[in-house]
Amino acid sequence: MHNVQLRTFTVESSRYCLRGSFPYPNFTCSMKSLFTFSFAVLLAASAFAQPADHGTCGTTIEDQLAIRERLFANKKAIAEGTLPVSDRSGAVSYVPIHFHLVGDANGAGKHKESRVLDQLCELNEDYAALDIQFYLKAHPTYGLFDYSINSNNVYNNQTNTFIMQNRRNTTAMNVFVVNTAETGNTLGTTLAYFSPFADWIVSRKDQINGSSNGTLAHEIGHFFSLSHTFLGYETNPFDSADPGWPNAPVLSPGGVATERVNGSNSTTAADGIEDTPPDYNFGFVSSGCSQYAGGAKDPLGALVDPMENNFMGYFQGCNYAFTPMQMDIINADLQTPARNYLDNTYTPPANEIITPADLLIAPISGQTTQYFDNILFQWNAVDGATQYLVEVDITTNYASPNAQTFITNQTSVLVESLQSNRTYFWRVRPFNEYATCAIARQQSFKTPLTSDVNEVEGLSGWQIWPNPVHESQSINVAIQAENAFEANINVFDALGRRIQSLQGVRINSGLNNIALPLESIPNGLYFIVLDNGIGRSSQKLSIVR
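By the count of the working numbering, the sequence shown reaches residue 914 at its end, each step adding exactly one.
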């Protein structure tokens, strides 16, 4: 048995997986493309130390065997023609996917939305040949992305399955993006895994990055009932250190029949798929995606020639692909009653979005804004876009502690929390639930020392009540004025989006009581801003029904 890992991940019992990993203790993994890390393969003769930075898939043999019945049922349905398997003629099936961006106990460390959009773009390239495409499915409570999980026991391990189950989007494939994907595997770093029992995918955030590492594509292969091409050799890759070399044993170390080159047992051995050639986890002990030349033979003495670029194997850095039978099985699994919750009646508003060069309106060209704590970012509408990702930071990688991110369906956002006397960068990326490949446009600006704290002239004081709101469908805005004036009363959410407005409200001298309806506003933190065009004043409002 080798103490070497190619790419491994650890996952709670019954799940791990990642692409290009070697041990998959638990169940689904995205092996091949999984590794964006450089991966030095150590050929171990007996006991050799395994570098701690090797990544692997967290799927165990047992977990893969747990989905084997589904795999064989899908193959049977294909053979009997009882399921409408896609012929990949261009009729696309759209599959909803939901990303949970998990933070630690303090809410820190959540993955960037821009990287998720990049990854979805790459994932759809990986599955284009199958006529399957994925789109972001909003959670009815938590929105397009779920930011609500702040737990060390999800962020650094996944022992808090209660909160994961509670936040699950029941109408989408669920992907939990975490810091550490933990399954108990001690052979290396688990990069990702699929849990066959919870029916969700867990991935380290460094694997959701838009690269062609194949990690997520691999995990989704497990989700749709595929096993590793080398099932049975997860923790014991076959090489010259093994007894009987170069002839492989009849049974793999994991107890699954070793597949023969002549295909005589391909329907039951290893992954159970006839058009994937034998592979005894050679990717774990090979370098890169070079043609395997290790000299291993099957139990009958035939030289083995694996498919190095198969999505469900462990070779690294390949231009990955599924075989025709793997494609059919994935499509068949999508059509089974167990996958009915993946509603695919969705039609995207646009399949492609082109970002115009003149997207951004203001602030641009390094200009200095009027105030540092009241900046309105504006851009042009883009054909096909239903959402805009807005990022603001003091660095162009948008990864400093000062970075702020907003997602809006409007063409402006108001930001009141920047620092004075700083140079900032901002960018906007148009997208819709499916088309996420558009580039962002960037501009810079400077903030002054001037604060927007001018009080409204004639305003003696004002108050909103009830605050917090527990049951009311409206609030009362009580305004005491020395002089009469006209003002706008606007409600902004915590992301700076204006969601309610009363324009041209007449404020008389003395006490004024104004009702502001809230029935369409969900729970959260808001800012009520009183503005007469010359001065402004704001107060916080909490809605907790």
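By construction, the Cβ of each residue, glycine as well, lies at the ideal position given by its N, Cα and C atoms.
This one's a predicted model, so the numbers in the text were calculated from it and none came from an experiment.
Where E588 falls, given that 16 or more other Cβ within 10 Å makes a residue buried = What you label residue 588 is simply residue 219 of the sequence shown in a count that begins at 1. Label assigned to E588: buried.
What span of residues does the alpha helix (DSSP H) with D487 cover, start to end?
-> Along the sequence shown, read from residue 1 onward, the residue named residue 487 stands at position 118. Its alpha helix (DSSP H) spans residues 482-495.
Nearest neighbour of G735, chosen from P770, Y793, T724 [CA to CA] = Looking up residue 735 in the sequence shown gives position 366. Ranking the options by Cα distance to G735, first place goes to Y793.
Decide if the stretch 575-584 is in contact with the stretch 602-621; the criterion is three or more beta carbon pairs, one per stretch, under 8 Å apart.
-> These segments do not touch.
Cβ of S820 within 8 Å of Cβ of N852?
-> Position 451 of the sequence shown, counted from the first residue, corresponds to residue 820. Position 483 of the sequence shown, counted from the first residue, corresponds to residue 852. Contact flag unset, no.
Using alpha carbons as the reference points, say which of F593, L864, T737 lies closest to F814.
-> Position 445 of the sequence shown, counting from 1, holds the residue named residue 814. Nearest in C-alpha terms to F814, of all of F593, L864, T737, is T737.
Skipping 5 residues on each side, what residues in its chain have a beta carbon closer than 8 Å to that of R629?
-> Within the sequence shown, numbered from 1, the residue matching residue 629 stands at position 260. Around R629: S635, A638, P647, D667, P668, L669, A671.
Coarse secondary structure for R905, derived from DSSP in three states | Along the sequence shown, one-based indexing puts residue 905 at 536. For R905, the three-state secondary structure derived from DSSP is strand.
Does the distance from the C-beta atom of F680 to that of G590 stay below 8 Å?
-> Taking the first residue of the sequence shown as position 1, residue 680 is located at position 311. Taking the first residue of the sequence shown as position 1, residue 590 is located at position 221. With a cutoff of 8 Å on beta-carbon distance, F680 and G590 are scored as near each other.
Just the Cα atoms here: how many angstroms apart are F684 and M694?
-> Working through the sequence shown from its first residue, we reach residue 684 at position 315. Working through the sequence shown from its first residue, we reach residue 694 at position 325. In this model, F684 and M694 are separated by some 20 Å (Cα to Cα).
For V913, does the count of other Cβ atoms within 10 angstroms reach 16, so buried, or fall short, so exposed?
-> The sequence position of residue 913 within the sequence shown is 544, counting from 1. Around the beta-carbon of V913, fewer than 16 other beta-carbon atoms lie within 10 Å, marking it exposed.
Does the Cβ of R484 have 16 or more other Cβ atoms within 10 Å, making it buried, or fewer, making it exposed?
-> Counting from 1 along the sequence shown, the entry for residue 484 is found at position 115. Buried, by the Cβ-count rule.
Would the C-beta of K909 count as close to the ligand SAM, meaning under 7 Å from any of its heavy atoms?
-> Absence of the ligand SAM from the depicted structure is noted, as is the absence of any ligand whatsoever, leaving it without description.
Would DSSP call K574 helix, strand or coil?
-> By 1-based counting over the sequence shown, the position of residue 574 is 205. When secondary structure is reduced to three states using DSSP, K574 falls in the helix class.
Proximal residues to N538 (C-beta, below 7 Å), its chain only, five neighbours per side dropped = Locating residue 538 in the sequence shown gives position 169, counting from the first residue. The residues are H467, K506, H508.
Contacts around T805, its chain only, beta-carbon distance under 7 Å, and the 5 residues preceding and following it disregarded | As a working note, residue 805 is residue 436 in the sequence shown. Excluding positions up to five away in sequence, the list reads L486, L489, C490.
Proximity below 8 Å, CB of N836 to CB of D900 | The count along the sequence shown starts at 1 and reaches residue 836 at position 467. The count along the sequence shown starts at 1 and reaches residue 900 at position 531. No; because the gap between Cβ atoms is not below 8 Å, this pair is not in contact.
For Q576, count neighbouring Cβ atoms within 10 angstroms of its own Cβ and tell me buried if that reaches 16, exposed if not.
-> Here residue 576 corresponds to residue number 207 of the sequence shown, with the count starting at 1. Taking all protein chains shown into account, Q576 has 16 or more neighbouring C-beta atoms within 10 Å of its C-beta and is therefore buried.
Coarse secondary structure for N857, derived from DSSP in three states | Taking the first residue of the sequence shown as position 1, residue 857 is located at position 488. In this structure, N857 counts as strand in the three-state DSSP scheme.
What is the C-beta distance between I722 and A754, in whole angstroms, given that I count them as a contact (C-beta under 8 Å)?
-> Numbered from its first residue, the sequence shown carries residue 722 at position 353. Numbered from its first residue, the sequence shown carries residue 754 at position 385. About 5 Å separates the two Cβ atoms, so the contact holds.
Closest by CA to Y710, which one among D762, D568, P770?
-> Along the sequence shown, one-based indexing puts residue 710 at 341. Considering only D762, D568, P770, the residue with the shortest C-alpha distance to Y710 is D568.
Could you spell out the range, first to last residue, of the beta strand (DSSP E) harbouring V838?
-> One-based indexing of the sequence shown puts residue 838 at position 469. Segment: none, V838 is in no beta strand (DSSP E) and carries neither H nor E.
Same chain, Cβ closer than 6 Å to Q869, neighbours up to 5 away in sequence not counted = Counted from its first residue, the sequence shown places residue 869 at position 500. If we look at Q869 and ignore the five residues flanking it on each side, its Cβ neighbours are V860.
Distance between N688 and S911 (C-alpha atoms, nearest Å) = By one-based count along the sequence shown, residue 911 stands at place 542. By one-based count along the sequence shown, residue 688 stands at place 319. Cα-Cα distance, rounded: 51 Å.
How do the stretch 760-773 and the stretch 828-848 stand: do at least 3 beta-carbon pairs fall below 8 Å, yes or no?
-> Per the Cβ contact rule, the stretch 760-773 is not in contact with the stretch 828-848 (fewer than 3 Cβ pairs under 8 Å).
Tell me whether the beta-carbon of N749 lies closer than 8 Å to the beta-carbon of D727.
-> Position 380 of the sequence shown holds residue 749. Position 358 of the sequence shown holds residue 727. Yes.
Output the distance between the C-alpha atoms of E431 and E677, rounded to the nearest integer angstrom.
-> Numbered from 1 along the sequence shown, position 62 holds the residue referred to as residue 431. Numbered from 1 along the sequence shown, position 308 holds the residue referred to as residue 677. When rounded, the distance between both Cα atoms is 24 Å.
Nearest candidate by alpha-carbon position, reference Q779, set F800, E824, G873, R439 | Mapped onto the sequence shown, residue 779 falls at position 410. Out of F800, E824, G873, R439, F800 has the C-alpha closest to the C-alpha of Q779.
When the Cα atoms are used, what is the spatial distance from T379 to Y562?
-> Numbered from its first residue, the sequence shown carries residue 379 at position 10. Numbered from its first residue, the sequence shown carries residue 562 at position 193. Because T379 carries a pLDDT of 30, less than 50, the predicted location of this residue cannot be relied on, and no value is offered for it.
Please look up how many angstroms separate the CB atoms of L703 and V464, rounded, as I've assumed it's under 8 Å.
-> On the sequence shown, position 334 is the one that residue 703 refers to. On the sequence shown, position 95 is the one that residue 464 refers to. The Cβ separation is near 7 Å, so the contact holds.
Kindly indicate the opening and closing residues of the beta strand (DSSP E) around I501.
-> Here residue 501 refers to the residue found at position 132 of the sequence shown. Per DSSP, I501 belongs to the beta strand (DSSP E) from 501-505.
Which residues in the same chain as P817 place their Cβ atom closer than 8 Å to its Cβ, once the five residues preceding and following it in sequence are excluded?
-> Counting from 1 along the sequence shown, the entry for residue 817 is found at position 448. The residues are T737, T738, Q739, Y740, F741, S789, N790.
Among V898, E824, D712, D697, which residue has its Cα nearest to the Cα of L783?
-> On the sequence shown, residue 783 is found 414 positions in, with the first residue counted as 1. The residue from V898, E824, D712, D697 with its alpha-carbon nearest to that of L783 is V898.
Which residues share a DSSP beta bridge with L918?
-> The structure shown does not extend to residue 918, since the chain is modelled only from 370 to 914, so the question has no answer here.
Check whether the Cβ atoms of G682 and T598 lie closer than 8 Å to each other.
-> What you label residue 682 is simply residue 313 of the sequence shown in a count that begins at 1. What you label residue 598 is simply residue 229 of the sequence shown in a count that begins at 1. Here G682 is near T598, since their CB atoms are less than 8 Å apart.
Would you tell me roughly how many angstroms separate the C-alpha atoms of L492 and E840, rounded to the nearest one?
-> Along the sequence shown, read from residue 1 onward, the residue named residue 492 stands at position 123. Along the sequence shown, read from residue 1 onward, the residue named residue 840 stands at position 471. Cα to Cα, the separation comes out at about 44 Å.
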